[in-house]
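A quick write-up on the structure given underneath.
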Amino acid sequence: MENSKIAALVELGILCRGDSVEQAGEGSSDAGPHGPSGHTPVCVYENPMYQYPYEDPARRAFSVFSAKMSVETAMEQTRLVVFLGAADSPQLRACLADAKTVVVLFEPDERVLVHCVDSMGLAALNIENFFCFTGDPVSLSPALQDLLPGALFRMGTPAFFLTDRIRHEHGPWAEAVIEYLEILHYRYVVYPLSGQAFARSRPMRTIKHELMYDQQLHAYENVVDCTVSPSISALKNRAVNGGAILVAAGPDLPESFEYIRKNRDNALIICVNNAVKPLVEAGIHPHFVVINDTSIDSGRVFKEIPRLPDTILVGYCLSDLGGDTFGRKFLFGSFASPVFETREMFRLHGSVISTAFALARHLGCTSCALVGAQLVSSDPWGLQYARGTLKDEIMAQEKPLINRYPQLYPVKTVFGEQLYTTINFRDAALWLAETIRMSGVACWNTSRSSILYGPGIEHDPEPDLGTTPVRRVMAEAFRVASPRVDREKVRHFVQRETALWRSIRKAVTMVLADSGPLFEAKGLAILAHFDATNVTYLVQRYNDFNNAIFHRQVFGSDTTSRESGLRSYFEYVRSMSETLLTALEKADQSF
2 MENSKIAALV ELGILCRGDS VEQAGEGSSD AGPHGPSGHT PVCVYENPMY
52 QYPYEDPARR AFSVFSAKMS VETAMEQTRL VVFLGAADSP QLRACLADAK
102 TVVVLFEPDE RVLVHCVDSM GLAALNIENF FCFTGDPVSL SPALQDLLPG
152 ALFRMGTPAF FLTDRIRHEH GPWAEAVIEY LEILHYRYVV YPLSGQAFAR
202 SRPMRTIKHE LMYDQQLHAY ENVVDCTVSP SISALKNRAV NGGAILVAAG
252 PDLPESFEYI RKNRDNALII CVNNAVKPLV EAGIHPHFVV INDTSIDSGR
302 VFKEIPRLPD TILVGYCLSD LGGDTFGRKF LFGSFASPVF ETREMFRLHG
352 SVISTAFALA RHLGCTSCAL VGAQLVSSDP WGLQYARGTL KDEIMAQEKP
402 LINRYPQLYP VKTVFGEQLY TTINFRDAAL WLAETIRMSG VACWNTSRSS
452 ILYGPGIEHD PEPDLGTTPV RRVMAEAFRV ASPRVDREKV RHFVQRETAL
502 WRSIRKAVTM VLADSGPLFE AKGLAILAHF DATNVTYLVQ RYNDFNNAIF
552 HRQVFGSDTT SRESGLRSYF EYVRSMSETL LTALEKADQS F
């Protein structure tokens with residue numbers, strides 16, 4: 002019979018229950034106290050320059066706490082405090098009493114939680130700033146990553162406190178909980194600053210952020226593709242109950258070439274953009290290639306492979322879509338939606354292998370083999386990829402571990418192998434493993450040296466995926482009609498964007514020609530306008546523009562460099578305008 006206090010916590014929306022973990026002891030009350038976790042935080046493996054990425058050098062993006070930090074100090078530095086172990090401790094009571102602090106409690110043994118509720122009283126826990134989870138963190142439904150919103154982690158870096166009982170009797174469980182939450186904090190707070198969107202924007206000022214340069218260029222280059230290519234909605238359930246082999250670019254990929262080749266007629270081969278070159282060089286043409294990365298570099302691989310007329314590209318509308326490399330294209334995601342078709346968006350995150358899985362699921366596949374989906378390296382100092390990719394081959398380095406950046410983040414596989422990865426890949430693996438668990442799709446990973454494991458993902462070097470009517474699926478996909486798009490609207494869009502960039506080019510050309518005493522005032526006024534209209538954000542990723550140098554010259558204390566900083570900025574804007582106008586001219590000619 003369920004305990005009434007547990008039932009009450011669930012009814013009040015305070016408690017989410019996971020599967021039971023192996024119990025230790027008699028389930029008696031935990032006397033506390035809660036002490037600092039003292040663990041090495043995940044964020045020390047991030048480049049420290051992203052801890053203070055803002056124009057205000059004192060503004061911190063995330064915190065690295067002292068191993069001996071008190072709860073009182075924690076509440077001064079963050080609004081998010083996590084307790085491991087249900088103990089009626091002074092530390093827990095202090096945080097609960099502070100309405101500004103959000104308290105999250107994790108407990109592996111519900112018997113201990115009942116004792117804690119008895120001691121504190123249900124009323125003390127029935128408050129807006131308290132949440133509780135029990136059991137295995139990777140068994141919750143919905144998944145923990147879907148239960149804890151990004152806004153929670155934007156309240157501050159989570160500080161962790163645990164009892165001696167947890168430390169000694171549930172150490173691995175505690176490590177898993179702490180890592181899960183720190184990865185979520187990285188996902189919502191750190192990666193947005195260190196990822197593509199802002200990697201070249203430091204120091205960050207208050208400017209408009211819409212499309213980044215790579216996306217803007219692809220938007221213009223993809224005008225024709227966005228006009229004639231169907232949405233992924235046309236692929237929905239084309240392979241119900243089918244099987245798919247999802248091909249990524251991990252170093253173990255060549256070991257599975259024969260398996261892929263042997264099953265090409267029985268399963269859909271869905272290959273990520275980074276893996277297509279070694280796959281094609283092995284004589285295997287995938288049925289689908291997926292791309293979601295919008296950087297210019299991500300599409301370079303398409304210039305290194307032959308035409309694949311029998312392969313379908315499934316791409317994000319602002320990615321490089323490969324020109325005429327592929328026989329057919331289906332797009333997801335939207336931009337300029339009043340002009341182009343509004344398209345469905347895949348649910349994806351962190352790594353393009355998540356896009357491959359999203360496509361398989363969208364097609365209706367119920368079983369998947371993950372090939373080359375490792376997301377790790379045996380070298381602590383650099384990621385490794387399959388031979389033949391465009392990723393630079395890194396020579397393994399023999400030097401002592403330092404357990405912080407630039408060393409990679411240490412991880413152990415489910416088989417106990419010590420490997421290393423980036424925090425971004427660790428996050429990608431967590432997200433996809435949880436997504437697979439909740440999807441019910443049966444998955445097998447062909448590599449043991451991988452961190453992409455969890456409930457629903459087993460190891461098998463050659464899984465049997467059954468028989469999928471591959472030829473029928475592909476034939477039907479190639480017969481899908483193009484969307485009906487008002488081409489006059491598209492022409493007007495191209496003409497409007499052309500006029501915009503001509504006006505920007507004219508403005509910077511005029512100001513650069515000004516050698517008079519008012520140049521600086523005019524330049525700062527135009528800069529303010531470009532700050533407010535996304536132009537500055539665009540140029541931050543254009544060619545070799547260096548935002549740190551620009552900021553120092555224009556906004557630094559040495560005003561003698563301001564004019565040269567502004568002139569350099571306007572030269573880059575003019576060059577960028579020319580590049581974008583060239584792309585628009587090609588789009589216009591294509592009509």
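Using this note's numbering, the first residue of the sequence shown is number 2, and each one after it goes up by one. Think of the CB as a built atom: it goes at the ideal place given N, C-alpha and C, for glycine as much as any other residue.
query: Supposed contact pair Leu81 and Gly157 - C-beta distance, whole angstroms, cut 8 Å; result: 5 Å
query: Local Cβ density within 10 Å of His493, reported as buried at 16 or more and exposed below that; result: exposed
query: Extent of the continuous alpha helix (DSSP H) run through Phe556; result: 548-556
query: Spatial distance of Glu463 from Gly365 (CA atoms); result: 21 Å
query: Ile7 and Glu77 closer than 8 Å at C-beta; result: no
query: Coil, strand or helix - Thr561 by DSSP; result: helix
query: Three-state secondary structure (DSSP) of Ile313; result: strand
query: Thr601: first and last residue of the uninterrupted alpha helix (DSSP H) it sits in; result: Residue 601 falls outside the range modelled here, since the chain spans only 2 to 592, and no answer is possible.
query: Among Phe107, Ile128, Phe162, the one whose alpha carbon lies nearest that of Leu141; result: Phe107
query: Opening and closing residue of the alpha helix (DSSP H) in which Val474 lies; result: 471-479
query: DSSP beta-bridge partners of Pro37; result: Phe162
query: Where Gly243 falls: helix, strand or coil (DSSP); result: coil
query: Asp215 burial status per 10 Å Cβ neighbour count (16 or more: buried); result: buried
query: Selected residue, minimal CA-CA separation from Gln146, among Asn547, Val115, Val178, Val118; result: Val178
query: Start-to-end residues for the alpha helix (DSSP H) that takes in Ser448; result: No alpha helix (DSSP H) contains Ser448, which DSSP labels as neither H nor E.
query: Stretch pair the stretch 200-211 + the stretch 454-461: three plus CB contacts closer than 8 Å; result: no
query: Buried versus exposed, by CB contacts within 10 Å (16 or more), His288; result: buried
query: Cβ-based neighbour list, Glu211, same chain, cut-off 6 Å, excluding 5 preceding and 5 following; result: Asn535
query: C-beta neighbour in chain B for Arg112, strict 8 Å; result: Absence of chain B from the displayed structure is noted, only one protein chain being present.
query: Short Cβ contact (8 Å threshold) for Leu194 with Phe154; result: no
query: Pair within 8 Å by beta-carbon distance, Glu256 and Val486; result: no
query: Distance, His460 Cα to Arg262 Cα; result: 19 Å
query: Unbroken stretches of the beta strand (DSSP E), 3 residues or longer, contained in the stretch 250-304; result: 269-273, 289-292
query: Same chain, Cβ closer than 8 Å to Asp165, neighbours up to 5 away in sequence not counted; result: Gly36
query: Beta-carbon contacts of Trp382 that lie in its chain and below 6 Å, excluding the five residues immediately before and after; result: Gln398
query: Segments assigned alpha helix (DSSP H), at least 4 residues, entirely inside the stretch 487-515; result: 488-514
query: Under 8 Å between C-beta atoms of Gln295 and His219; result: One detail in the question is off: residue 295 reads as Thr in this sequence, not Gln. Yes, they are a contact pair.
query: Inter-residue Cα distance where the pair is Ser64 and Asp99; result: 20 Å
query: Delimiting residues of the beta strand (DSSP E) encompassing Ala370; result: 368-372
query: Proximal residues to Leu254 (C-beta, below 8 Å), its chain only, five neighbours per side dropped; result: Val248, Ala276, Pro279, Leu280, Val372, Gly373, Ala387
query: Euclidean distance between Cα positions of Val103 and Ile458; result: 34 Å
query: Cβ-based burial, Lys209 [other Cβ within 10 Å; buried from 16]; result: exposed
query: Assumed close pair Gly244, Gly467 - CB separation to whole angstroms, cut-off 8 Å; result: 5 Å
query: Contacts around Thr510, its chain only, beta-carbon distance under 7 Å, and the 5 residues preceding and following it disregarded; result: Arg575
query: Thr537 (DSSP reduced to helix, strand or coil); result: helix
query: From Leu349, Ala283, Ser516, residue whose alpha carbon lies closest to that of Thr390; result: Ala283
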